[in-house]
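Trainee: Please find one structure pasted underneath; my questions will follow.
There are 2 protein chains.
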Amino acid sequence: MVKSTAGTLDRTFAALADPTRRTIVRALTAGPRTVGELAAPLPMSLVAASKHITVLERAGLVSRTRAGRTQVCRLDGAALRDASAWLDEYRQWPCRPSPRPA
Amino acid sequence: MVKSTAGTLDRTFAALADPTRRTIVRALTAGPRTVGELAAPLPMSLVAASKHITVLERAGLVSRTRAGRTQVCRLDGAALRDASAWLDEYRQWPCRPSPRPA
DNA sequence: GGTACTCTTAACCATATGGTTTAGTTTTCC
DNA sequence: GGAAAACTAAACCATATGGTTAAGAGTACC
């Protein structure tokens, strides 16, 4: 089960490694947004924002669907939970901070 | 508090985006290991493995200390917990899977 | 002191990333 | 049908990433 998400974890963590993309993810927790709405507050061109969304989409974090002449983005929590599950194995970790401290 | 870890989150997620580095992190949960021990099972040169460890170190995930002529690596759970905490805000997210499903 | 061991640094290469501007595509509206 | 809106695609550029080999530095051992 962990194995099946190996390549996906690569893309998920890589997607989350950029602050712009984390901002987009956070914005989408408030509900679906168009590409333009997501791009507006970002300090870059619409083209750059669209490419960030593509990265999030390929990581399975976001899905895009047409709505008239706009493109609506929605957050998909599954990949986020996979990444969270991987990290969870380390949350309770440093029960043994260091074998021999000095 | 989240702000202070912004640049750190970049490096943490970027570090975890590589399967080799996740393998190293996992190996270190069993206890401290030398660079050579970590590199041995990896399908790459020692130099490449060392560079991966440097990435983990700059992300604050791993610390390195000399022990004779070897270099011992230890896992540091703090950065992992920061990343986990960020993701945690999204674990309980899709309470609202989609405003209008169709 | 010299040799071998462990690891890092330096130089290099191919590909990916993150941004740009320009051009095209699709849909809406008059 | 023509113009504007909302994007996407293409081409380009600078820098980062992930690997290599070759060389250097620090430590241990005889």
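Each protein sequence line maps, in turn, to chains F and D. FYI, in the numbering used here the residues of the first sequence are 1 to 102. FYI, in the numbering used here the residues of the second sequence are 103 to 204. Idealized CB from N, CA, C, for every residue including glycine. Quick caveat, the model's predicted, so the values are computed rather than measured.
1) If you measure beta-carbon to beta-carbon, which residues of the region 142-158 of chain D are closer than 7 angstroms to chain F?
2) Quick one: is D:ALA181 near chain F, going by C-beta distance under 7 angstroms?
3) Step through the CB atoms of chain D and report whether any lies within less than 7 angstroms of the CB of F:ARG91.
4) Spatial neighbours of F:GLY60 within its chain, please: C-beta separation below 8 angstroms, excluding the five flanking residues on both sides.
5) Using only the alpha-carbon positions, how far apart do D:ALA151 and D:ARG176 sit?
6) Considering only residues of the same chain and omitting the five flanking positions on each side of F:TRP93, which have a CB-CB separation below 8 angstroms?
7) In the DSSP assignment, what residue or residues form a beta bridge with D:GLN173?
8) Use the C-beta contact count for D:ARG160: other C-beta atoms within 10 angstroms, 16 or more gives buried, fewer gives exposed.
9) If we define contact as Cβ-Cβ less than 7 angstroms, is D:ASP184 a contact residue for chain F?
10) Distance, Cα to Cα, F:LEU28 vs F:ASP82?
11) Determine whether the beta carbon atoms of D:SER165 and F:LEU87 lie at a separation below 7 angstroms.
12) Listed from N- to C-terminal order along the chain, which residues in the region 117-133 of chain D have their beta-carbon within a distance smaller than 9 angstroms of any beta-carbon of chain F?
13) When you compare only the Cα positions, how much space is there between D:ARG123 and F:THR54?
14) Output the distance between the C-alpha atoms of D:PRO121 and F:ARG91, rounded to the nearest integer angstrom.
15) Against chain D, with Cβ distances strictly below 7 angstroms, would F:LEU61 count as a contact?
16) Would you mind telling me which residues of chain F sit closer than 7 angstroms to D:LEU189, beta carbon to beta carbon, in chain order?
17) Relative to the C-alpha of D:ALA169, which residue among D:PRO134, D:ALA117, D:GLU191 is closest?
18) Can you tell me the Cα-Cα spacing of F:LEU16 and F:VAL25, whole angstroms?
Mentor: This is what the structure holds:
1) none
2) no
3) yes
4) THR8, ARG11, THR12, ASP76, ALA78, ALA79
5) 15 angstroms
6) none
7) D:ARG168
8) exposed
9) no
10) 18 angstroms
11) no
12) ALA117, LEU118, ALA119, ASP120, PRO121, ARG124, VAL127, ARG128, THR131, GLY133
13) 25 angstroms
14) 19 angstroms
15) no
16) LEU80, ALA83, SER84, LEU87
17) D:PRO134
18) 9 angstroms
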